[in-house]
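Structure, as structure tokens:
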Amino acid sequence: MSASPASGPPPQIPPSPSTPPPTALRQRLAELRGPAVAPQPMDARALAALAANPGCRRRALLDGAGVNKAVLAQALGSPSAFGQSQFAFMRGNAFEAKVKADGGAELMRLLYGQLGGPDEPDPATVRTPDLAAAGPQGRAARTALALREATEAGAQAGAWTFLDHPMLALEVAGSPAYLEPDAVVVAPDGRWTVVEIKSFPMIDAAADAAKVGAAARQSAVYVLALERVAGHTTGASVHDRVLLVCPKDFSNLPTASVVDVRKQLSVTRRQLTRLTRIEDIAAELPEGTTFDPELPAEELTAAVERVEAAYAPECLSACELAFHCRDRSREAGAVEALGRGVRGELGGLRTVDAVLSAARGESGDPTDPTVSALRRAAELRAEALNGAAC
Ligand code: SF4
Numbered sequence: 129m130s131a132s133p134a135s136g137p138p139p140q141i142p143p144s145p146s147t148p149p150p151t152a153l154r155q156r157l158a159e160l161r162g163p164a165v166a167p168q169p170m171d172a173r174a175l176a177a178l179a180a181n182p183g184c185r186r187r188a189l190l191d192g193a194g195v196n197k198a199v200l201a202q203a204l205g206s207p208s209a210f211g212q213s214q215f216a217f218m219r220g221n222a223f224e225a226k227v228k229a230d231g232g233a234e235l236m237r238l239l240y241g242q243l244g245g246p247d248e249p250d251p252a253t254v255r256t257p258d259l260a261a262a263g264p265q266g267r268a269a270r271t272a273l274a275l276r277e278a279t280e281a282g283a284q285a286g287a288w289t290f291l292d293h294p295m296l297a298l299e300v301a302g303s304p305a306y307l308e309p310d311a312v313v314v315a316p317d318g319r320w321t322v323v324e325i326k327s328f329p330m331i332d333a334a335a336d337a338a339k340v341g342a343a344a345r346q347s348a349v350y351v352l353a354l355e356r357v358a359g360h361t362t363g364a365s366v367h368d369r370v371l372l373v374c375p376k377d378f379s380n381l382p383t384a385s386v387v388d389v390r391k392q393l394s395v396t397r398r399q400l401t402r403l404t405r406i407e408d409i410a411a412e413l414p415e416g417t418t419f420d421p422e423l424p425a426e427e428l429t430a431a432v433e434r435v436e437a438a439y440a441p442e443c444l445s446a447c448e449l450a451f452h453c454r455d456r457s458r459e460a461g462a463v464e465a466l467g468r469g470v471r472g473e474l475g476g477l478r479t480v481d482a483v484l485s486a487a488r489g490e491s492g493d494p495t496d497p498t499v500s501a502l503r504r505a506a507e508l509r510a511e512a513l514n515g516a517a518c
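In this text, residue positions in the sequence shown follow this note's numbering: the first is 129, and each later residue adds one.
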């Protein structure tokens, strides 16, 4: 494989599709983070989790402000159970390097084997453009240009292009997020395909469904960001199937499968448009509010509690603040802590106390179907307990 030729005048890098937030908002977000705290960039995993719980203003604001939620959870006294061991991290990096070795020869072979294409990629002619640029905005602009050039090279010369760690920009709730897929391949017919490389095994051609689901949600965010660039590129289209590359069985050999992300794509697209704009959430907070992890725990807790949350048990596998929010939700006796399904069944009853009181006949409208169902359930329970006692 060869690097793409670097001849002729330097390319004109088009502006990034996402613009930075205005200065006043940037300053406000920096205040919220804390004066000496560097922003934590939002990645596709965080964005997918945000899209899964669009009603949580707390997460939207903290992510938008670049607050490190793992550090915040620690400072609140409820450390998260998230994180990858150093060993798993190194093993993942080594596997990715193996898949991408020799200019992505193995990766291109896997991709063509799974998805096909106009002509089989010749490792000697696959283009591998340099995507280096200053800062995430510069890298996103460089990637956008490389994608356009790759599409042209495909149309004119039948070339395949392998983009290693491109940078994509996506506006989320009025704030830019920069996302870095493992790879994107541009086929000669102008089709752009996201490639995700994971270190969990694919055994007998099947991987852990929960992990594949998480990878699909993450990839859908990349596809969404790519669509913004493709919309400005003649002849380009973004594949709604992504290539998932994993170790085969218990070996270190790569294998691949195609994951259809159409469902995740439509859910993510819809949910992201439902997010409240970050500046609107920030504007509701009193002047001087900050989530600086150096604050005493009580002050920090008070600051966090000022922003509305939408806890659900699913947070436990998706958000670093889950233990904190779960404790608060339980303290408040909120039925949300029991799960979205239970919450839906209970209609207007919002607390466990209100549910128990209605079931005992002490409160609630007896013509309300939820209240009458609760009372019937309480009667059946009492009968069963009496029967067991006889
Ligand atoms: S854990 Fe808390 S902050 Fe995170 S998504 Fe759930 S409710 Fe929102």
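All residues carry an ideal CB built from backbone N, CA and C; glycine is no exception.
Proximity of residue i and residue j at Cβ, strictly below 8 Å
i	j	result
valine 386	leucine 371	yes
alanine 440	glutamate 459	no
valine 340	arginine 369	no
leucine 403	threonine 321	no
glutamine 382	valine 395	Sequence check: residue 382 is proline here, not glutamine. Contact flag unset, no.
arginine 255	alanine 278	yes
proline 257	leucine 291	yes
tryptophan 288	alanine 315	yes
glycine 192	alanine 301	yes
glycine 409	leucine 189	According to the sequence shown, residue 409 is isoleucine rather than glycine. Contact flag set, yes.
proline 421	valine 199	yes
lysine 197	leucine 477	no
serine 347	alanine 358	no
alanine 335	alanine 297	no
leucine 502	valine 483	yes
glycine 475	threonine 498	yes
Rounded C-alpha distance that separates residue i from residue j
i	j	result
glycine 489	alanine 510	13 Å
glycine 318	glycine 363	6 Å
glutamate 473	serine 491	18 Å
glutamine 202	threonine 429	12 Å
proline 138	leucine 273	Any reading at proline 138 must be qualified, since the residue scores a pLDDT of 43, below 50, and its modelled position is unreliable; the value itself is stated next. In a straight line, the C-alpha of proline 138 is about 12 Å away from that of leucine 273.
arginine 185	leucine 508	40 Å
alanine 209	valine 432	19 Å
leucine 444	alanine 281	46 Å
arginine 187	serine 500	36 Å
alanine 344	glutamine 392	7 Å
threonine 151	alanine 446	31 Å
lysine 228	leucine 466	44 Å
alanine 437	cysteine 453	8 Å
aspartate 250	aspartate 171	33 Å
With 16 other Cβ atoms within 10 Å as the buried cut-off, status of residue i
i	result
asparagine 221	exposed
serine 144	Residue confidence is low: serine 144 scores 46 on pLDDT, short of 50, so the model does not pin down where it sits. No coordinate-derived value is stated.
alanine 505	exposed
alanine 252	exposed
phenylalanine 215	exposed
aspartate 121	Here the chain comprises residues numbered 129 to 518, so residue 121 is not present and cannot be evaluated.
glycine 136	Only weak support exists for where glycine 136 lies, its pLDDT of 43 falling under 50; the value from the coordinates is given anyway. Glycine 136 should be labelled exposed.
threonine 495	exposed
arginine 398	exposed
Three-state class that DSSP yields for residue i in the structure shown
i	result
proline 251	coil
glutamate 299	strand
phenylalanine 378	coil
methionine 170	coil
serine 146	Note that serine 146 has pLDDT 49, beneath the 50 cutoff, so the model's placement of it is unreliable and the number below is only indicative. Serine 146 falls in the coil class under three-state DSSP.
phenylalanine 215	helix
threonine 256	coil
glutamate 511	helix
leucine 235	helix
arginine 154	helix
serine 347	helix
leucine 243	helix
valine 227	helix
arginine 161	helix
arginine 186	helix
proline 137	Here the model assigns proline 137 a pLDDT of 44, short of 50, so the residue's position is not dependable, and the following value carries that caveat. Residue state, collapsed to three classes: coil.
beta-carbon residue i near the ligand SF4 non-hydrogen atom, thresh 7 Å
i	result
leucine 449	yes
glycine 181	According to the sequence as given, residue 181 is asparagine; it is not glycine. Checking every heavy atom of the ligand SF4 against the Cβ of asparagine 181, one is found closer than 7 Å.
arginine 187	yes
tyrosine 439	yes
cysteine 184	yes
cysteine 443	yes
cysteine 453	yes
Distance cut-off 7 Å: residue i Cβ against heavy atoms of the ligand ATP
i	result
leucine 352	Ligands present in the displayed structure are limited to the ligand SF4, and the ligand ATP is not among them.
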